[in-house]
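Sequential numbering from 1 applies to the sequence shown in this note's numbering.
Just so you know, even glycine gets a beta-carbon here, dropped at the ideal spot from N, CA and C.
One structure below.
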Amino acid sequence: MQSAVVGVVRAASRYRWTVCALLFFATVINYMDRQILGLLAPMLQHDIGWTQVQYGRIVMAFSAFYAIGLLGFGRIVDWLGTRISYAVAMLVWSIAAMLHAAVGSVAGFAFVRALLGIGEGGNFPAAIKTTAEWFPRRERALATGIFNSGANIGAVFAPAIIPAIAVAYGWRAAFVIVGAIGIVWLAVWLVFYRAADTRALAAEYDEPRDEAEALDAANADAGAPRWRELIRKRETWAFLIGKFLTDPVWWFYLFWLPKWLNESRGMDMQHIGLPLVCIYALTTVGSIGGGWISSMLLRAGWSVNRARKTAMLICACCVLPIAFVSQVQNLWAAVLIVGLAAAAHQGWSANLFTTASDLFPRRAVASVVGIGGMAGSIGGVLFSEVIGQVLQRTGHYWVLFAIGALAYLLALAIMHTLTPKMKPAKLDA
């Protein structure tokens, strides 16, 4: 009997990294579909004729409906489970991505970006919950860092291939080709993914548990908590504020860096790809490295509170030089500074996402991630309007970079005030 259980544990240990790979590729696709608009913005601005403010509002449409998608899918994932809800999310956003090829006006782009936002809102609640189901706590930040690095790989591949496709075949073909990749992933997911094996997880957790894992075990059969209960918890507000203050900075990197390179550094569509590839390649190191730091500190015996916050503080400090990037004349020095800041954001994000499973039982993780993600999207909506207005009136990016530099330290200070010891929240059964 014992040998059979050991066999189940070993198989599950191997399979969970296969699951992590599926999450990684889903996130690659998620970010390629998300970023394509920013990459093609100079070409589309010429064809469609939108202003800076109109482009900002197209971005804002995605942000607003991404918030709705995050909140809705957070609840759906906790209710239906990860397999079905992830499939639905992928189907919706892949169709929306391809529909960009069918529109030709500001209103049309705003509509399909809104639909894309709803579908893409399912990615992170489903991925974080899957990680919480399949990985013990000591490995979650590393697993999160790995799948979250898919955002960076998507951001690397996108500028490497999308401008070339658009130049050769037109921007409509670029939207269709990239959107269709999600349908391939969907088929693989439905064929290969299975729910977490409770026998294997129980056997692995026979090692000493911390308080959060003990609460998970005690409430394994309880249903998803109500939003009303979650929103009353200080722990929810800590995660929510962390997302609200820092997600907009990452969206700035995704949607506005191509325009920054074009307008402030004089780069055209044919030359914009290499600097963006370099920036987003650095973010891969940041995502995995940020998760590795806190996992390493946990293995060294540090508390979850100390390990997570130390990793997040390191990341917050690495962002600070971007406040001065507008004064840097050399292109590649500026690219390095922006790349360091973007990498630090992804390291921050790997740890911030993991705090949701540190602070809440698995049955509540997707809902909490959805609530926090919604807050991040609302921040993105507000910041998109600020960006558009600042650039329309001044044409300068330095104010925006300065805001991004300070956001992380402010977020960490507030999070520490709300959860000084990061004790897990106690929810009604």
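Can you tell me which of the options puts its alpha carbon nearest to the alpha carbon of residue i?
| i | options | result |
| --- | --- | --- |
| Arg138 | Ser349, Val338, Gly347 and Val304 | Val304 |
| Leu352 | His46, Ser384, Phe244 and Gly388 | Phe244 |
| Gln392 | Ala26, Gly38, Trp50 and Trp17 | Trp50 |
| Arg265 | Arg113, Leu406 and His396 | His396 |
| Asp78 | Leu274, Ala132 and Ala173 | Ala132 |
| His100 | Arg306, Ala174 and Ala281 | Ala174 |
| Glu385 | Ala41, Trp251, Thr310 and Ala281 | Trp251 |
| Ala143 | Cys20, Val325 and Leu80 | Cys20 |
| Asn148 | Leu331, Lys233, Val328 and Gly289 | Gly289 |
| Leu230 | Asp428, Arg14 and Tyr15 | Asp428 |
| Thr246 | Phe383, Tyr15, Tyr55 and Ile177 | Phe383 |
| Thr130 | Gly339, Gly72 and Leu22 | Leu22 |
| Ser349 | Arg308, Pro275, Leu91 and Ile58 | Arg308 |
| Pro159 | Ser287, Cys278 and Val112 | Cys278 |
| His416 | Arg194, Arg234 and Ala61 | Arg234 |
| Trp237 | Trp171, Arg14, Leu412 and Val328 | Leu412 |
| Ala166 | Gly38, Val92 and Phe62 | Gly38 |
| Ala151 | Ala281, Thr355 and Ala102 | Ala281 |
Looking only at its own chain, which residues have a Cβ that is under 7 Å from the Cβ of residue i, when we skip the five neighbours before and after it?
| i | result |
| --- | --- |
| Leu409 | Ala316 |
| Gly179 | Asp33, Ser94, Ala97 and Met98 |
| Ile153 | Val28 and Thr284 |
| Ala202 | Reliability fails at Ala202, whose pLDDT of 49 lies under 50, so the model's placement of it is uncertain and the value that follows must be treated cautiously. If we look at Ala202 and ignore the five residues flanking it on each side, it has no Cβ neighbours. |
| Val249 | His345, Gly404 and Ala407 |
| Val325 | Ala334, Ile337, Val338 and Phe401 |
By the three-class DSSP mapping on this structure, what secondary structure does residue i have?
| i | result |
| --- | --- |
| His345 | helix |
| Phe360 | coil |
| Ala195 | coil |
| Leu400 | helix |
| Arg137 | helix |
| Ile272 | coil |
| Leu427 | coil |
| Val103 | coil |
| Met90 | helix |
| Tyr205 | In this prediction, Tyr205 has a pLDDT of 44, which is less than 50 and means its spatial position is unreliable; what the coordinates show is noted afterwards. Tyr205: coil per DSSP, three-state reduction. |
| Lys233 | coil |
| Gly150 | helix |
| Lys421 | coil |
| Gly379 | helix |
| Val265 | At residue 265 the sequence reads Arg, which differs from the Val that was named. Correct three-state label for Arg265: coil. |
| Arg16 | helix |
| Thr394 | coil |
Leaving out five residues on either side along the sequence, give the residues of the same chain with a beta carbon under 8 Å from the beta carbon of residue i.
| i | result |
| --- | --- |
| Arg75 | Ala224, Trp227, Ala366, Ser367 and Gly370 |
| Phe157 | Val28 and Met32 |
| Pro208 | With a pLDDT of 39 at Pro208, under the threshold of 50, the modelled position of this residue cannot be trusted, and the question is left open. |
| Asp268 | Pro42 and Asn262 |
| Gln389 | Val53 and Gly56 |
| Leu254 | Tyr31, Arg34, Gln35, Gly38 and Ala155 |
Taking CB distances under 8 Å as the criterion, tell me whether residue i reaches chain C.
| i | result |
| --- | --- |
| Arg140 | Given the protein chain composition of this structure (a single chain), no chain C is represented. |
Keeping to the same chain, check which residues put their C-beta closer than 6 Å to that of residue i; ignore five residues upstream and five downstream.
| i | result |
| --- | --- |
| Tyr86 | Ala126 |
| Val319 | Ala341, Ala344, Ala405 and Tyr408 |
| Ser294 | Ala141, Ala307, Arg308, Ala311 and Asn351 |
| Phe65 | Ala114, Gly117 and Ile118 |
Curious, which full-length alpha helix (DSSP H) runs of at least 4 residues does the region 275 to 343 contain? 304 to 319
Between the region 417 to 427 and the region 359 to 375, do at least 3 Cβ pairs fall closer than 8 Å? yes
Report yes or no: do the region 369 to 385 and the region 308 to 323 share at least 3 C-beta pairs separated by less than 8 Å? no
Minimum length 4: unbroken alpha helix (DSSP H) runs contained in the region 18 to 85: 52 to 80
For the region 105 to 113 against the region 185 to 196, are there 3 or more C-beta pairs whose distance is under 8 Å? In short, these stretches do not touch, since the Cβ pair count stays below three.
Three or more C-beta pairs below 8 Å linking the region 11 to 26 and the region 111 to 131: yes
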